[in-house]
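Okay, so here's the structure we're looking at.
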Amino acid sequence: MRSGAKWASLVWGLAIAGVGVPRLEAAESDFTTGPDGWFGADLEAFVVPIHVLNTYSLGWSATGGNPGGFVSFTDPGPNQAFFAAPSEFLGDQLASYGEELLFDTQVVPAGGPAATAVILVGDGLTLFYDTACPTTSWSQYEIPLTPGGWRVDSWVGGSEPTPEQMQGVLGSLDALYIRADWINGTETGSLDNVVLVPEPGSLLLLLVGAAAIVRRRR
Numbered sequence: 012m013r014s015g016a017k018w019a020s021l022v023w024g025l026a027i028a029g030v031g032v033p034r035l036e037a038a039e040s041d042f043t044t045g046p047d048g049w050f051g052a053d054l055e056a057f058v059v060p061i062h063v064l065n066t067y068s069l070g071w072s073a074t075g076g077n078p079g080g081f082v083s084f085t086d087p088g089p090n091q092a093f094f095a096a097p098s099e100f101l102g103d104q105l106a107s108y109g110e111e112l113l114f115d116t117q118v119v120p121a122g123g124p125a126a127t128a129v130i131l132v133g134d135g136l137t138l139f140y141d142t143a144c145p146t147t148s149w150s151q152y153e154i155p156l157t158p159g160g161w162r163v164d165s166w167v168g169g170s171e172p173t174p175e176q177m178q179g180v181l182g183s184l185d186a187l188y189i190r191a192d193w194i195n196g197t198e199t200g201s202l203d204n205v206v207l208v209p210e211p212g213s214l215l216l217l218l219v220g221a222a223a224i225v226r227r228r229r
């Protein structure tokens, strides 16, 4: 039996026993049938807290992704264009601490410097993570959901968050942004295969606790 099927069987058994269990599946968007609730956000450059100047509908194509469908966002102006996540990726995402945010992206034209690629907002804090500029071909990014490499409340420079701060943000996530705007000028960023991975160990501990409740009820 595959691991996913084993988890499903365990969750189903606990559900039958009347025990609430956490959501086990990763938050995921592969854009097969549309934008999946994602939208474009034009952020005021280098301002904290994040100031959203305007929001936009994304372009969507059923083909040309990595593979299949994908969304795109053409830079609307001189500020900072980002893809903004829907509610599925927000709220209590503490189970993803210690894991990764995965996504595929490309930009046309390319050639910009490294910049803030991901922004997390929650628990009164804003966290920033830089990567190299993507290319004109699909590139996979794996963003660690641990403090290393992140900055607190600063687009440039700034201190690394503590584990407690990062857990606080993930446990009460108000916004998740992925960069679409990489060069000075007008470009189009594309996004595919976004996955916010839950941490297996945390889920296992929660399920073990739920199973113990079942045993006590018998």
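So for the sequence shown, the numbering used here puts the first residue at 12; every next one is plus one. Virtual Cβ for every residue (Gly too), placed ideally from N, Cα, C. Keep in mind it's a predicted model, so treat the numbers as computed, not measured.
Going by DSSP, which residues form a beta bridge with residue i?
i: residue 70; result: 83
i: residue 204; result: Answer is none; residue 204 lacks a bridge partner.
i: residue 112; result: 154 and 207
i: residue 137; result: 132
i: residue 102; result: 184
i: residue 118; result: 200
i: residue 94; result: 51 and 189
i: residue 65; result: 53
i: residue 126; result: 142
According to DSSP, is residue i helix, strand or coil?
i: residue 160; result: coil
i: residue 42; result: coil
i: residue 20; result: Since pLDDT at residue 20 reaches only 44, below the 50 mark, its modelled position is unreliable, and the value read off the structure follows with that caveat. Residue 20: helix per DSSP, three-state reduction.
i: residue 155; result: strand
i: residue 50; result: strand
i: residue 175; result: helix
i: residue 107; result: helix
For residue i, count neighbouring C-beta atoms within 10 Å of its own C-beta (all shown protein chains included) and say buried if the count is 16 or more, exposed if not.
i: residue 206; result: buried
i: residue 170; result: exposed
i: residue 92; result: buried
i: residue 110; result: buried
i: residue 56; result: exposed
i: residue 90; result: buried
i: residue 147; result: exposed
i: residue 34; result: Note that residue 34 scores 47 on pLDDT, short of 50, meaning its location in the model is unreliable; the coordinates nonetheless yield the value given after this. So residue 34 ends up on the exposed side.
i: residue 128; result: buried
i: residue 204; result: buried
i: residue 124; result: exposed
i: residue 60; result: exposed
i: residue 151; result: exposed
i: residue 145; result: buried
i: residue 16; result: Note on residue 16: pLDDT 34, under 50, position unreliable in the model; the coordinate value appears next. It counts as exposed.
i: residue 195; result: exposed
i: residue 143; result: exposed
i: residue 173; result: exposed
Let me make sure I understand the geometry here. Which of the options has the alpha-carbon closest to that of residue i?
i: residue 42; options: 75, 175, 208 and 108; result: 75
i: residue 88; options: 53, 137, 77 and 58; result: 53
i: residue 104; options: 191, 185 and 44; result: 185
i: residue 155; options: 136, 146, 131 and 135; result: 131
i: residue 102; options: 38, 173, 175 and 194; result: 38
i: residue 67; options: 165, 106 and 191; result: 191
i: residue 163; options: 136, 188 and 65; result: 136
Validate contact between the region 39–58 and the region 95–113 using beta carbons, cut 8 Å, 3 pairs
yes
Could you check whether the region 194–211 touches the region 104–119, counting it as contact only if at least three pairs of C-beta atoms, one from each stretch, sit closer than 8 Å?
yes
Is it the case that the region 69–77 contacts the region 164–182, given that we only count it when at least three CB pairs across the two stretches are under 8 Å?
no
Sufficient close CB pairs (3 or more, under 8 Å) joining the region 83–90 to the region 175–186
no
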